[in-house]
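J.:
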């Protein structure tokens, strides 16, 4: 079954680009990779989602290699308000009606001035 | 449109006591979820419900029961609380049937539970 691995924490400074990688072996062939952001004392919220190659929205970019065994969330020019925990979410590899969703352990991004 | 609401926000229980966490959504979503969040463990799924009247176990269901009362409400019950159940509990909902990560989940603000 799929298992996700993320770095526990990362440090950055305002204005830098930050890349957070999630490893997810055995992802189901038809499953997407989704990333969530969580601020302290709040529930997670959706950031971005993709299946392969590159996806970009107003908040972030998501890079997925051809083998889909990992994905990289890219945050351009971070600010202090981007300090949060970032989670990747994938299916557990079984697919179909028995597929279950697995959140990564999360990466705490600390942005400093 | 309040999204996903949870009650209570905080709760302290003694070992062996019981309680029910309430969750409601006003987005007409089909699926609802209960997660627990512990330091270093990320979000772990306790139970989820793909539709009214149906529930399925997640990764850590032991010690919990759930009830999908109607399409809007999904409750989580601890029959005999244990210190190991001290955690932050999140409820979420999604439009689809909850089997795929393409189904965006919307989370409530959480309930912080302490069991002494």
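Protein chains in written order, with the numbering used here: chain A, 103 to 215; chain B, 943 to 1058.
The C-beta atom is built at its ideal place from N, Cα and C for all residues, glycine as well.
Because the structure is a prediction, the values reported are computed rather than measured.
(1) Give a yes or no on whether 8 Å exceeds the smallest Cβ distance from residue 949/B to chain A.
(2) Just mark residue 948/B as buried or exposed, buried being the case when its beta carbon has 16 or more other beta carbons within 10 Å.
(3) Give every residue of the same chain whose Cβ lies closer than 8 Å to the Cβ of residue 1019/B, excluding the five residues on either side of it in the sequence, and list them in chain order.
(4) Quick one: Cα of residue 987/B to Cα of residue 972/B, how far?
(5) If you reduce the DSSP assignment to three classes, tell me which class residue 1011/B lands in.
(6) For the putative contact between residue 184/A and residue 211/A, defined by C-beta atoms under 8 Å, what is the C-beta separation to the nearest angstrom?
(7) Ordered along the chain, which non-local residues of its own chain (more than five positions away) have a Cβ less than 6 Å from that of residue 170/A?
(8) Which complete beta strand (DSSP E) runs does the stretch 141 to 204 of chain A hold, if anything under 3 residues is left out?
(9) Could you list which residues in chain B have their beta carbon closer than 9 Å to that of residue 165/A, in chain order?
(10) Does the Cβ-Cβ distance between residue 123/A and residue 174/A come in under 8 Å?
(11) When the cut-off is 8 Å and only beta carbons count, does residue 1051/B lie next to chain A?
(12) Residue 118/A by DSSP, collapsed to three states: which one?
T.: Walking through what the data contain:
(1) For the purposes of this step, residue 949/B is taken as the residue at position 7 of the second chain. False, the Cβ-Cβ gap to chain A never drops below 8 Å.
(2) Numbered from its first residue, the second chain carries residue 948/B at position 6. Residue 948/B should be labelled buried.
(3) Position 77 of the second chain, counted from the first residue, corresponds to residue 1019/B. Cβ neighbours of residue 1019/B beyond the five flanking positions: 960, 961, 962, 963, 1006, 1007, 1008, 1009.
(4) Stepping through the second chain from its first residue, residue 987/B is reached at position 45. Stepping through the second chain from its first residue, residue 972/B is reached at position 30. In a straight line, the C-alpha of residue 987/B is about 17 Å away from that of residue 972/B.
(5) Position 69 of the second chain, counting from 1, holds the residue named residue 1011/B. Note: residue 1011/B maps to coil in three-state DSSP.
(6) To locate residue 184/A, count along the first chain from 1; it is residue 82. To locate residue 211/A, count along the first chain from 1; it is residue 109. Rounded, the Cβ-Cβ distance is 6 Å, consistent with contact.
(7) In the first chain, the residue the question calls residue 170/A occupies position 68. For residue 170/A, where only same-chain residues beyond five positions count, the Cβ hits under 6 Å are 129.
(8) 147 to 152, 155 to 158, 163 to 166, 172 to 177, 186 to 193
(9) Numbered from 1 along the first chain, position 63 holds the residue referred to as residue 165/A. Within chain B, no residue comes near residue 165/A; the closest Cβ sits about 17 Å away, beyond 9 Å.
(10) Walking along the first chain from the start, residue 123/A turns up at place 21. Walking along the first chain from the start, residue 174/A turns up at place 72. Yes.
(11) Locating residue 1051/B in the second chain gives position 109, where the first residue counts as 1. So, interface residue.
(12) Taking the first residue of the first chain as position 1, residue 118/A is located at position 16. In this structure, residue 118/A counts as coil in the three-state DSSP scheme.
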